[in-house]
Amino acid sequence: YAAIDPIWEIWNEPNLAQYWNAPPDVGVYTKLLIATAQALRAAGATDVWTGGTSGVDLNWIYNLHIRGAFSAANGCAVHSYKPPGFARTEYLQAVLLVPSGVLVHTTETCVPSSSDQADFFNQMWNLHRELNLRTMVWCELRDGGAGSTPPFNEAYGLVAANYATKDVYTAAKNAIAAQ
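Position 169 of the sequence shown, counted from 1, bears residue number 156 in the working numbering, the numbering being contiguous throughout.
Here it is as structure tokens:
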């Protein structure tokens, strides 16, 4: 993979028991992260990010920092589903918690279609531009693509299950075009 230089995000929501398959343990996770990052870098990787936390988990990020995780990882991934107005303070604090040179990246964000997805997208996009957060990944391309049971089968996508575009798709397309 070194030839294509992918970004490596180590784990998904390691601060949740359901993805860790045990009570979350930032110390154990940090050891796993450092060992994995070292192996990846030895194989030529350049971008290794922490696993995206469920929410902007400031306590988890602080504990990663004091345990030396960012000596191995050059990115701090988070998943935010809060309305951008409420998430702003958490993002500001996260940026201050990570060492200089380590960037905060949103590797998952969205809300279901039952809310105003396009408005949420635009607000989150603007927040990322305001705070110079370079990465914002919408959690799902197509409605219901993450699984067959709630909440994974909800309408989180940029497009409907039949691939018809939704207002959020247009909002994303327009935001990217305006850069």
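Glycine included, C-beta positions come from ideal geometry on N, C-alpha and C. Predicted model, so just to flag it, every value in this text is computed and none were measured.
- Of the candidates Glu141, Tyr150, Ile163, Val89, the residue whose Cα lies closest to the Cα of valine 124 is Ile163.
- Between tyrosine 16 and tryptophan -2, the gap from beta carbon to beta carbon is short of 8 Å.
- Fully enclosed beta strand (DSSP E) runs of no fewer than 3 residues occupy 90 to 96 of the region 69 to 109, in order along the chain.
- Contact between the region 71 to 84 and the region 20 to 37 is absent, with fewer than three C-beta pairs closer than 8 Å.
- Alanine 9 places its beta carbon 8 Å or farther from that of valine 43.
- Here the C-alpha atom of valine 146 lies approximately 28 Å from the C-alpha atom of glutamine 5.
- Under the three-state reduction of DSSP, isoleucine -9 is assigned to coil, being neither helix nor strand.
- Taking the CA atoms as reference points, tyrosine 150 sits about 8 Å from aspartate 130.
- Between valine 35 and alanine 60 the beta-carbon gap is near 5 Å, inside 8 Å, which marks them as a contact.
- Judged by their CB atoms, glycine 38 and glutamate 0 are nearer to each other than the 8 Å cut-off.
- Within the model, the alpha-carbon separation for valine 155 versus asparagine 119 is close to 22 Å.
- The Cβ atoms of valine 91 and leucine 51 lie no closer than 8 Å to each other.
- Cβ contact annotation for leucine 128 (same chain, cutoff 6 Å, sequence separation greater than five): Gly144, Leu145, in chain order.
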